[in-house]
Amino acid sequence: MSKSVTILGSTGSIGCSTLDLVAHHSNDFDVVALTAHSNVALLAQQARQFNPKLAVIGQSHLEDDLRQALADTDIQVAAGELGLREAAQYPSDFVMAGIVGAAGLAPTLEAVRRGATIGLANKECLVCAGELFMSEVSKSGARLLPVDSEHNAIYQVFDFDHPESIEKITLTASGGPFRTTPLEAMSCVTPAQAVKHPNWDMGRKISVDSATLMNKGLEVIEAWHLFPVSKDQIDVVIHPQSVVHSLVSYVDGSVLAQLGSPDMRTPISYALNWPDRMDSKVEKLDLTSVGTLQFEAPDLIRFPALKLACQALQTGGTAPTILNAANEVAVEGFLGERLAFLDIPSTVEEVLGKLDVIHPTCLGDVHEADQQARQIAQQIVARLGT
Ligand code: NAD
Ligand code: MG
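Residues 37 to 422 in this note's numbering are what the sequence shown lists, from first letter to last.
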């Protein structure tokens with residue numbers, strides 16, 4: 037029997053890699069719903085190739101374009117926030133949560149509420165509404181399978197039956213394109229340099245997050261929600277080769293790690309097939325050609341975003357929500373060449389300093405904190421604007 041699959045964010049880097057795996061194993065999977073934000077041409081092409089029941093475009097004004105592009109098919113078309121929710125609610129065995137940013141929260145929650153198995157790539161869900169999101173997961177019995185490579189690695193080697201035997205988890209970080217760049221030179225790096233990741237081929241937002249190390253900070257918060265460890269049991273180490281994807285240290289001194297070539301199709305295929313494994317077509321890891329594996333401590337002076345995220349985790353409440361929203365606005369400002377690279381963490385820090393942190397009791401509280409943080413971040417971007 038084939039597994040039915042929904043892909044939220046099918047036109048992105050995660051979405052395309054997921055479809056690549058599905059195409060190589062077409063007898064095992066049946067795509068039922070696809071969503072994209074604005075790329076009608078690619079969504080229509082994917083819909084023609086994979087023949088889902090439903091194709092959704094996030095930007096409502098593009099609905100007619102998508103409808104026209106699929107007019108000679110029997111694929112249902114929908115649009116906007118309601119359409120995205122409809123796609124998430126559509127019955128399927130597996131949902132890839134591959135939308136970028138807090139925009140992925142509402143649709144991913146819909147999939148959680150119907151108890152689906154979810155491949156979680158969208159880490160911002162957990163950063164901006166972690167406690168509420170995880171309580172919905174336990175209420176519905178949905179299964180979360182981490183797709184972020186570090187969390188996927190930890191998931192594979194974490195002894196969930198004996199969490200007391202775990203001393204700490206260590207997330208590896210490549211260090212990004214500016215790992216060795218002096219602070220003075222970092223002030224004038226361009227978006228083109230920032231999105232050119234040394235090891236991974238990813239969307240633009242996460243590429244900038246990797247360059248500031250905010251991505252690792254978001255992942256520390258993500259890890260705290262996904263694994264039964266305390267906030268102080270999560271460590272970060274820079275590992276430029278991106279071969280060791282993360283590690284779990286046990287009290288007896290054993291350290292278990294998952295290794296592989298830096299290709300997201302490995303963690304995606306793990307989530308798609310769990311509890312089985314399949315050929316992902318990923319280039320096999322050849323340690324002799326890698327030669328050397330390096331590890332170093334992160335530099336929190338040049339990469340203050342990591343520190344800000346760890347502090348937001350310690351503070352708790354809406355602090356991570358504010359951090360995430362301010363970062364999304366600042367990254368957009370940087371990509372639009374309206375903000376300098378080093379102003380990304382300083383914008384986030386300023387927003388965090390301006391807003392009171394509350395303990396959110398409902399998604400409305402999260403939404404309000406998110407909106408307030410975006411508004412203040414936008415004012416800062418306008419003020420600092422280059
Ligand atoms: P991407 O920018 O390549 O793709 C994002 C997808 O989300 C696209 O399909 C886009 O159409 C859709 N989208 C964007 N904004 C939207 C909105 N407002 N409403 C609805 N849909 C929207 O991003 P990506 O690199 O594929 O990353 C997706 C998520 O996976 C992110 O949360 C990222 O942090 C996480 N992730 C990605 C990688 C990677 O290798 N790319 C690795 C680990 C985790
Ligand atoms: Mg990652």
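Even for Gly, the Cβ is constructed at its ideal location relative to N, Cα and C. Only a predicted model underlies this, so the values are computations on that prediction, with no experimental measurement involved.
> Assuming V67 and V41 make a contact with CB atoms under 8 Å, what is their CB distance in whole Å?
Replying inline: Position 31 of the sequence shown, counted from the first residue, corresponds to residue 67. Position 5 of the sequence shown, counted from the first residue, corresponds to residue 41. Contact holds; Cβ gap of about 5 Å.
> Who does V280 pair with in a DSSP beta bridge?
Replying inline: Mapped onto the sequence shown, residue 280 falls at position 244. In the DSSP output, where bridge partners are listed per residue, V280 has L295.
> For the candidate residues V387, A409, L399, G372, whose alpha-carbon lies nearest to that of A230?
Replying inline: The residue you call residue 230 lines up with position 194 of the sequence shown. Measuring from the Cα of A230, the nearest candidate turns out to be G372.
>> For P298 and V280, what's the separation of their Cα atoms in angstroms?
In response: Residue 298 sits at position 262 when you count from the first residue of the sequence shown. Residue 280 sits at position 244 when you count from the first residue of the sequence shown. Looking at the two C-alpha atoms, the distance is approximately 9 Å.
>> In whole angstroms, give me the CA-to-CA distance for L336 and E117.
In response: On the sequence shown, position 300 is the one that residue 336 refers to. On the sequence shown, position 81 is the one that residue 117 refers to. Roughly 38 Å between the two C-alpha positions.
> Ordered along the chain, which non-local residues of its own chain (more than five positions away) have a Cβ less than 7 Å from that of K159?
Replying inline: Residue mapping note: residue 159 aligns to position 123 of the sequence shown, counting from 1. Answer for K159: D184, L254, E255, E258, listed in chain order.
>> Please classify M37 as buried or exposed, where buried requires at least 16 neighbouring CB atoms within 10 angstroms.
In response: Locating residue 37 in the sequence shown gives position 1, counting from the first residue. Answer is exposed; the Cβ neighbour count stays below 16.
> Candidates V287, A418, Q95: which alpha carbon is nearest H198's?
Replying inline: As a first step, residue 198 is located in the sequence shown; it is residue number 162 there, counting from the start. Answer by Cα proximity: V287.
>> Between the alpha carbons of G389 and A157, how many angstroms are there, rounded?
In response: If you number the sequence shown from 1, residue 389 lands on position 353. If you number the sequence shown from 1, residue 157 lands on position 121. Between G389 and A157, the C-alpha separation is close to 29 Å.
> Can you list, in chain order, the residues of its chain whose CB lies under 6 Å from that of W236, leaving out five sequence neighbours each side?
Replying inline: The count along the sequence shown starts at 1 and reaches residue 236 at position 200. For W236, where only same-chain residues beyond five positions count, the Cβ hits under 6 Å are P298.
>> Is it buried or exposed, E122, if we count other Cβ atoms within 10 angstroms and call 16 or more buried?
In response: In the sequence shown, counting from the first residue as 1, residue 122 sits at position 86. So E122 counts as buried.
> Looking at I154 and V148, is the spacing between their C-beta atoms short of 8 Å?
Replying inline: Within the sequence shown, the letter at position 112 stands for residue 148. Within the sequence shown, the letter at position 118 stands for residue 154. In this structure, I154 lies closer than 8 Å to V148 by Cβ.
>> For a minimum of 4 consecutive residues, which ranges assigned as the alpha helix (DSSP H) are wholly contained in the segment 341-420?
In response: 355-371, 379-390, 399-420
> If we ignore side chains and look at the alpha-carbon of each, how far apart do I394 and A142 end up?
Replying inline: Translated into the one-based positions of the sequence shown, residue 394 becomes position 358. Translated into the one-based positions of the sequence shown, residue 142 becomes position 106. Approximately 21 Å, taken between the alpha carbons.
>> Quick check: does the Cβ of K252 come within less than 7 Å of any heavy atom belonging to the ligand NAD?
In response: To locate residue 252, count along the sequence shown from 1; it is residue 216. Incorrect: K252 has no Cβ contact closer than 7 Å to the ligand NAD.
>> At a cut-off of 7 Å, would you count D184 as near the ligand MG, judging by its Cβ distance to the nearest heavy atom?
In response: The residue you call residue 184 lines up with position 148 of the sequence shown. Because some heavy atom of the ligand MG lies under 7 Å away, the Cβ of D184 counts as near it: yes.
>> Once DSSP output is grouped into helix, strand and coil, what is the label at R179?
In response: Working through the sequence shown from its first residue, we reach residue 179 at position 143. R179: strand per DSSP, three-state reduction.
>> I need the straight-line Cα distance from Q407 to L283, nearest angstrom please.
In response: As a first step, residue 407 must be located in the sequence shown, where it is residue number 371. As a first step, residue 283 must be located in the sequence shown, where it is residue number 247. Each residue's Cα considered, the two are about 36 Å apart.
> Counting along the chain, where does the beta strand (DSSP E) carrying T153 start and finish?
Replying inline: Counted from its first residue, the sequence shown places residue 153 at position 117. 153-156 is the extent of the beta strand (DSSP E) around T153.
>> Less than 7 Å separating the Cβ of E255 from some heavy atom of the ligand MG?
In response: Counted from its first residue, the sequence shown places residue 255 at position 219. True, at least one ligand heavy atom lies under 7 Å from that Cβ.
>> Could you check if I50 belongs to the surroundings of the ligand NAD, using beta carbon to heavy atom distance under 7 Å?
In response: Taking the sequence shown and counting its residues from 1, one reaches residue 50 at position 14. For the ligand NAD, at least one heavy atom lies less than 7 Å from the Cβ of I50.
> Secondary structure at S290, three-state DSSP: helix, strand or coil?
Replying inline: For this step, residue 290 is matched to residue 254 along the sequence shown. Residue state, collapsed to three classes: coil.
> DSSP beta-bridge partners for L90?
Replying inline: Reading the sequence shown from its first residue, position 54 is the one you call residue 90. Per DSSP, A69, Q112.
> Thinking just about the alpha-carbon of each residue, which of S49, F65, S53, H61 is nearest to the one in K39?
Replying inline: Taking the first residue of the sequence shown as 1, we reach residue 39 at position 3. Taking only the C-alpha atoms, the option nearest K39 is F65.
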